[in-house]
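Below you'll find the structure, written out as structure tokens, and then a few comments.
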Amino acid sequence: MRRALLSLPLLLVAATAGPRPRLLDPLPFSHASHERAFTRARVACIDCHPIGRSSDPPAADLPAPTSTCHACHLEEVQGVPHGAPTQCGLCHADRRELLPDSHGPVWRVEHAVPARADADGCASCHASRECYACHDGRGPSAKNPHGPGFRITHGIEARLDPARCSACHTGESCTACHATGSLPW
Amino acid sequence: MSPLALLLLVMGARAQVASPGDRTAWRLWSWSGAEVLPSWEGDPQLWAEQRIGLALRHPSGLTADLLGSLRDPAAGTGWSAGLYRLAFGLRGGRTGADVGRLVLASERGYTRLDGARIDVGVVPAVTLRAWGGRAWEPETFVAGDLGLLGAEARWDAHGALSGGLGWEGRVTEEDLVQRLHAFGRARNPRGALATALAEVAPAQASASPLGVAARFDLEGRAPVGARVEVGAGARWEDLPRAVQPEALVSPMDWLAGPGYVATDLSARARGDHVVVDARLGPTLALGGGGPTGGLGRLGASVLLGDRLSAGVAATGAMVEPSWVWGGVAETRWQVGEAAGLGLQGGWFRFLPLSGTVADVVEGRLDGTMPLVRGDRGELSLAGQVAAGSDHLLERWVRAGIALQGTCGRGNEP
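Residue numbers (our numbering), protein chains in the order written: chain A, 1 to 185; chain B, 1 to 413.
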């Protein structure tokens with residue numbers, strides 16, 4: 001049994017076959033659907049196909065760099081109409097492929113410090129309401145930012161690093177349960 | 001979905017139809033959930049909650065944000081309101097102002113403020129920031145007795161080097177406590193990052209070896225080759241966080257004793273489909289009465305094809321006289337962005353203060369299913385069932401459902 005458990009991670013790694021998904025292929029881009037937006041924003045051919053900066057018009061099959069898409073669909077650019085859809089799934093078949101390396105299995109309990117130091121970085125993918133989906137979840141089975149078992153084992157982590165608790169909690173968080181006599185310290 | 005959320009959704013749709021030329025970006029979010037905790041003795045606990053979020057961004061730079069909730073923690077006993085954000089702002093480049101109920105994120109942490117914040121870009125690399133108001137408590141949503149007034153100069157050299165110097169006054173009816181802080185961050189193109197923070201209350205004595213109330217935070221991480229990243233950090237903690245006045249001693253302050261050092265060593269390796277994380281964090285009290293112990297975690301996650309991911313993590317921690325060790329396994333089946341099914345389980349062996357070793361088991365099954373999905377919004381149904389056993393509450397089962405909807409247009413506000 002112990003050997004089987006120890007080999008589980010290796011089995012999981014071995015089971016990962018095939019390339020990771022990238023952009024949708026083919027990309028769901030069409031000049032026809034963009035024509036009105038390009039006209040309104042005065043986007044010229046060479047704005048997306050820089051190789052065509054010669055006097056000749058660029059060939060239709062000259063690929064535009066994918067970063068060109070982000071000029072409208074990710075960043076707000078002066079002169080580009082607001083309203084360009086920004087759902088990542090328009091081109092990225094699976095948003096999980098966009099996960100930064102940092103978002104590993106213990107990221108849920110580690111993200112607090114990086115999130116404070118680089119809030120703008122978080123905001124490039126996340127809306128603030130996503131914070132509250134976990135941090136405001138107070139129903140008995142709501143998502144819990146601390147993970148399974150924390151309701152029972154939190155005393156150890158609270159004693160190890162109480163300053164981390166006080167970043168969000170006050171003493172009332174402790175006394176609400178422990179000082180009423182319903183739960184021991 | 002509550003009548004209020006429905007009304008706002010209809011209003012938003014009408015506004016969109018009525019003003020097709022308007023470039024205002026907006027997003028409305030609604031979450032309605034209910035949950036039951038069955039009781040074998042015939043007295044089930046019910047829970048209901050409604051959350052709402054609204055964000056507006058006008059091309060002129062005007063912004064408006066609302067994020068709040070209504071809860072009925074024991075159905076039928078009455079609703080209580082929570083307000084996380086109700087703010088209006090005006091922003092242009094690096095200059096702007098926000099007023100209302102705010103959450104200010106900075107290197108020092110999150111400052112929750114009923115008041116105002118002003119940013120002024122004075123030269124290309126330097127921004128002056130000032131804030132003032134009354135601190136509010138994130139669990140009761142009530143603004144307490146602590147007033148905050150602060151100013152800061154921040155500079156940023158193209159993200160490679162940034163830093164700041166600041167002052168904050170913490171005002172109560174009885175006194176004024178002043179704090180000074182400084183922070184810096186350096187980043188290189190290869191992804192190495194170093195951050196430093198120091199915050200001191202010069203006039204506030206402490207029983208720690210430093211003799212003054214302060215906290216310091218030094219952290220760094222750097223890539224080693226293409227697939228490995230290592231990090232190290234150390235914090236000295238002897239300064240209460242922002243929520244409450246210094247005169248109020250909470251259980252957390254009591255546990256902290258006269259200061260302690262919390263360290264953190266981490267390593268992360270990434271393959272094409274797998275990420276392995278390891279973390280070790282000893283805590284050491286330099287004076288008497290503080291915590292001494294440590295925790296460690298080791299985890300791995302894998303992508304199994306396009307739709308399935310799995311992760312396992314083992315963890316252990318001890319602080320005299322308690323310890324806990326165990327593990328968590330999680331798997332998630334995701335179809336696109338909206339539909340998914342997750343299964344999570346954990347088992348821990350635990351020695352609490354009572355001195356009796358106990359096993360803690362917890363499992364959770366959750367799923368999300370889109371009902372309506374379009375370019376301008378979506379409506380989805382989520383549900384979850386959780387069950388477990390522990391040394392205090394014995395066996396328990398909980399189940400709930402939630403309806404979540406978003407709609408809007410323009411760049412994500």
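Glycine included, each C-beta is placed from N, C-alpha and C at the ideal position.
Bear in mind the structure is a predicted one, so any value in this text is a computation, not a measurement.
Are residue i and residue j closer than 8 Å when you measure CB to CB?
i, j, result
"B:Arg332", "B:Gly342", "yes"
"B:Val120", "B:Trp155", "no"
"B:Thr292", "B:Ala339", "no"
"B:Ala402", "B:Gly33", "yes"
"B:Glu139", "A:Ser173", "yes"
"B:Asp65", "B:Ala87", "yes"
"A:Thr170", "B:Gln204", "no"
"B:Ala201", "B:Val177", "yes"
"B:Gly147", "B:Glu137", "no"
"B:Arg129", "B:Gly159", "no"
"B:Arg279", "B:Arg227", "no"
"B:Arg461", "B:Arg101", "Since the first and last residues shown for chain B are 1 and 413, residue 461 of chain B lies out of range."
"B:Ala256", "A:Pro162", "yes"
"B:Thr263", "B:Pro251", "no"
"B:Ala232", "B:Tyr260", "no"
"B:Trp31", "B:Leu56", "no"
"B:Ala192", "B:Arg221", "yes"
"B:Leu67", "A:Tyr132", "yes"
"B:Phe420", "B:Val360", "The structure shown does not extend to residue 420 of chain B, since chain B is modelled only from 1 to 413, so the question has no answer here."
"B:Ala414", "B:Trp167", "Chain B is shown from 1 up to 413; residue 414 of chain B falls before or after that span and cannot be answered."
"B:Ala116", "B:Gly133", "yes"
Show which residues of chain A have a CB atom less than 9 Å away from the CB atom of residue i.
i, result
"B:Trp29", "Ala127, Arg129"
With burial defined as no fewer than 16 other Cβ atoms inside 10 Å of the residue's Cβ, what is the status of residue i: buried or exposed?
i, result
"B:Glu229", "buried"
"A:Thr175", "exposed"
"A:Ser128", "buried"
"B:Val122", "exposed"
"A:Thr39", "exposed"
"B:Gly311", "buried"
"B:Cys407", "buried"
"B:Val142", "exposed"
"A:Glu35", "exposed"
"A:Glu130", "exposed"
"A:Ser33", "exposed"
"B:Trp254", "exposed"
"A:His31", "exposed"
"B:Ser322", "buried"
"B:Pro240", "buried"
"A:Cys134", "exposed"
"B:Val274", "buried"
"A:Ile156", "buried"
"A:Cys72", "buried"
"A:Ser54", "Confidence at A:Ser54 is low in this model, with a pLDDT of 47, below 50, so its placement is unreliable and the value that follows should be read with caution. Exposed, since its Cβ has fewer than 16 Cβ neighbours within 10 Å."
"A:Leu98", "exposed"
"B:Gly395", "Here the sequence assigns Arg to residue 395 of chain B, which means Gly is not the residue at that position. Exposed, since its Cβ has fewer than 16 Cβ neighbours within 10 Å."
"A:Cys177", "exposed"
"B:Leu371", "exposed"
"B:Leu303", "buried"
"B:Ser39", "exposed"
Which chain B residues sit within Cβ distance under 8 Å of residue i?
i, result
"A:Gly155", "Ser322, Pro352, Leu353"
"A:Cys177", "Here the premise fails: no neighbours, minimum Cβ distance about 10 Å."
"A:Cys165", "Met252"
Applying a beta-carbon distance threshold of less than 9 Å, which residues of chain B neighbour residue i?
i, result
"A:His169", "Pro138, Glu139, Val243, Ser250, Met252"
So which residues on chain A does residue i lean against when the C-beta distance must stay under 8 Å?
i, result
"B:Gly293", "Ile156, Arg159, Leu160"
"B:Gly405", "In chain order: nothing, as chain A lies at least about 12 Å away."
"B:Val224", "Residues of chain A passing the Cβ test: none, with the nearest at roughly 13 Å."
"B:Pro240", "Ser166"
"B:Leu67", "Ser128, Arg129, Tyr132"
Under 7 Å Cβ-Cβ, which residues of chain A neighbour residue i?
i, result
"B:Thr283", "Leu160, Asp161"
"B:Ala317", "Ile156, Glu157, Leu160"
"B:Glu237", "Ala163"
"B:Leu255", "Ala158, Arg159, Pro162"
"B:Ala262", "Asp161"
Given that residue i touches chain B, what residues does it touch there, using C-beta distances under 7 Å?
i, result
"A:Ser173", "Glu139"
"A:Cys69", "Near A:Cys69 there are no residues of chain B at all, since even the closest Cβ is about 13 Å away, more than 7 Å."
> Using 8 Å as the threshold, is the region 367-380 of chain B in touch with the region 346-357 of chain B, meaning 3 or more CB pairs across them?
Replying inline: Fewer than three Cβ pairs drawn from the region 367-380 of chain B and the region 346-357 of chain B lie within less than 8 Å of each other, which leaves the two stretches out of contact.
> Residue ranges of each beta strand (DSSP E) run of no fewer than 3 residues wholly in the region 52-117 of chain B, ordered along the chain?
Replying inline: Runs of the beta strand (DSSP E) lying entirely within the region 52-117 of chain B, each at least 3 residues long, are 62-72, 80-92, 95-106 in chain order.
> What runs of the alpha helix (DSSP H), each 4 residues or longer, lie entirely inside the region 308-390 of chain B?
Replying inline: Within the region 308-390 of chain B, no complete alpha helix (DSSP H) run reaches 4 residues.
> Curious, which full-length beta strand (DSSP E) runs of at least 3 residues does the region 128-194 of chain B contain?
Replying inline: Those beta strand (DSSP E) runs which fall completely within the region 128-194 of chain B and span 3+ residues are 143-157, 161-171, 176-187.
> Any chance the region 107-121 of chain B sits against the region 68-81 of chain B, with 3 or more Cβ pairs inside 8 Å?
Replying inline: By the C-beta criterion, the region 107-121 of chain B is judged not to be in contact with the region 68-81 of chain B, since fewer than 3 inter-stretch pairs fall below 8 Å.
>> Could you tell me which whole beta strand (DSSP E) segments of length 3 or greater appear in the region 213-299 of chain B?
In response: With a minimum length of 3 residues, the continuous beta strand (DSSP E) runs that stay inside the region 213-299 of chain B are 228-238, 260-270, 274-284.
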